[in-house]
Amino acid sequence: MTSRGRFVYVCLVVPFLAWGCSTSTDADNNRPSIYIASPAHGASFSRGDTVDIDVEASDDGVVVAVRFYLDGVYIGVDSTSPYQYRWSTIDAVVGLRQLRVVVEDDGGAFASQEIAVWLRWAYFPPEQVVDDWQTSTLHEEGFDTLAIHAMMNTAYGDNFNDFMHAVLVVRNGNLVLEEYFGDFRRHNLNHLQSTTKSFTSALIGIAIDRGYIGGVDDPFFDYLPRYAHLRDSDKDSITLEHVLTMTPGLEWNEMFVPTLDASNDNMIGNRGDDYVAYALAKPVIRVPGTEWWYNSGCSMTLGEILRSATGLGADQFASLYLFGPLGIRTYDWPIMAGGHVSTHGGLYLRPRDMAKFGQLYLQDGMWNGERVISEEWVVASTRPFIGAWGNTQYGYQWWFENVGGYDVRHTSGYGGQYIFVVPELDMVIVTAAGYDQGDIGQQVWQILTMFRDRVLAAALPAGVLDYRSVN
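Residue 1 is where the sequence shown starts when you use this note's numbering, and the numbers rise one by one after that.
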């Protein structure tokens, strides 16, 4: 489950491009001709349709093969007349697609034609998997489904397929929307980045529930005997709660420098031999508990506190007391230099399992009728403890803000790894994305706009009938 090494975390029809429908050849003798009889250039379909691609090819020379391509990728061949390919769009990428047909004759001459078609998003309820989520439909769980259709078509039109991995929505305890983008699929693990911090907080809560740790008012250095040489009188006033809320007052330079900048303390810690030692060596420059300052070193320190108190790494403790009860069987949680589990940003999970964690908090620490985390810890973790940036507030490695009139608790990871918990709507929203290309700030803004704001707007309050619905 773990690996060793060093890690650095960090019907709508649009105008078509003028591809044209011309014929091209690669030979002059006995050249064939090709014409796509259907679909028409600019035709529109819904994902899940079966599209008959009908081709007319001349018998100048002898046609020996007709090949079909989608966005430059070979999808099929038919060497007998009539020339036809049945394109099943169930797994095709939504948006503007290029269909190209190439004909070859017995003299080695080629001709081709290309057309553009538009593939619209269509809703399919999530698949029911044994020992996993109960599933339902958007309509049955009270969504304005036309709004969801418009949102998803806009998402694909805005090139979400270039960076998005998944979006999932759970309402009333049922998985109702499960969409994967590009090559990402249900079985793939997604890098949670700093959403990992919220899982680390949960493990601290479980350790307190089980008596391994006394409580949040304990001096945090009491659980760090390995680093006693870095303790001083200023640090004696730092409690576990200060570390959980990122208010220890320690000097830390992560919030106002680029994520991958060499001066970023998180990057320095990631590349060093002992991240925790680096974080704990920082001097106290603010009164603990008075000012929030984003500090991934706090989250790494929580992992060491857990190991010291329980004798288990975060990955091992989670396997027993968090992942096990939630039925999370597939994950990766790398171990960094110094033997530290990457509790600040290294966890990999399936999006379906990310949603389980959100649902656990929505249900005040209960899962399938069993208590996993105490209700007291869930409430304390997700309450607004101190102001952070913008309109957000911070709890125990959780964020809190009001969105569209709803109080939303959420995790947050670089590039758009979010778990939103909305108690008033009995809803959990999960987004997962890549983060290695493009403008990350713009990407995150798109994700928040499309899936946080618009999904919330499409969720009808209890008792409101949905008259804007499609299957």
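Even for Gly, the Cβ is constructed at its ideal location relative to N, Cα and C.
Annotation for A388: W292, Y394 place their beta carbon closer than 6 Å to its own, counting only its chain and skipping 5 residues before and after. Unbroken alpha helix (DSSP H) stretches of 4 residues or longer found wholly inside the stretch 162-233: 196-209, given in chain order. Nearest to R454 by alpha-carbon distance, out of Q84, N295, F45, V169, is V169.
Here W445 carries a helix assignment [DSSP, helix/strand/coil]. Within the same chain, D52, I53, D54, V55, D78 come within 8 Å of Q84 by CB-CB distance, once the 5 residues on both sides are set aside.
Put simply, the backbone Cα of E304 is about 23 Å away from that of I285.
Per the coordinates, the alpha-carbon of E140 lies some 27 Å from the alpha-carbon of G157.
Three or more beta-carbon pairs drawn from the stretch 113-126 and the stretch 94-105 are found closer than 8 Å, and the two stretches are therefore classed as touching. Residues V77, V102 of the same chain have their beta carbon placed closer than 6 Å to that of R67, with the five preceding and five following residues left out of the count. Cβ contact annotation for D273 (same chain, cutoff 8 Å, sequence separation greater than five): A337, G338, in chain order. A distance below 7 Å between beta-carbons, with the five flanking residues on each side excluded, links Y294 to the following residues of its chain, in chain order: M246, E254, M255. In the structure shown, W133 adopts coil according to DSSP, grouped into three states. Counting only runs that start and end inside the stretch 251-280, the alpha helix (DSSP H) elements of at least 4 residues fall at 265-271, 275-280. In this structure, the straight-line span from the alpha carbon of N153 to that of A147 is close to 10 Å.
Under the DSSP assignment, I148 falls in the alpha helix (DSSP H) whose first and last residues are 145-157. Here I75 carries a strand assignment [DSSP, helix/strand/coil]. Distance check between S44 and each of L448, A318, R97 places R97 closest, using alpha-carbon atoms only. Comparing C-alpha distances from R329 to each of D265, G404, Y348 shows the shortest one belongs to Y348. Secondary structure within the stretch 343-407: the beta strand (DSSP E) runs of 3 or more consecutive residues, fully enclosed, are 399-403 (chain order). Taking C-beta atoms as the reference points, T382 and Y361 count as a pair closer than 8 Å. Taking all protein chains in view, the Cβ of E179 is crowded by 16 or more other Cβ atoms within 10 Å, so the residue is classified as buried.
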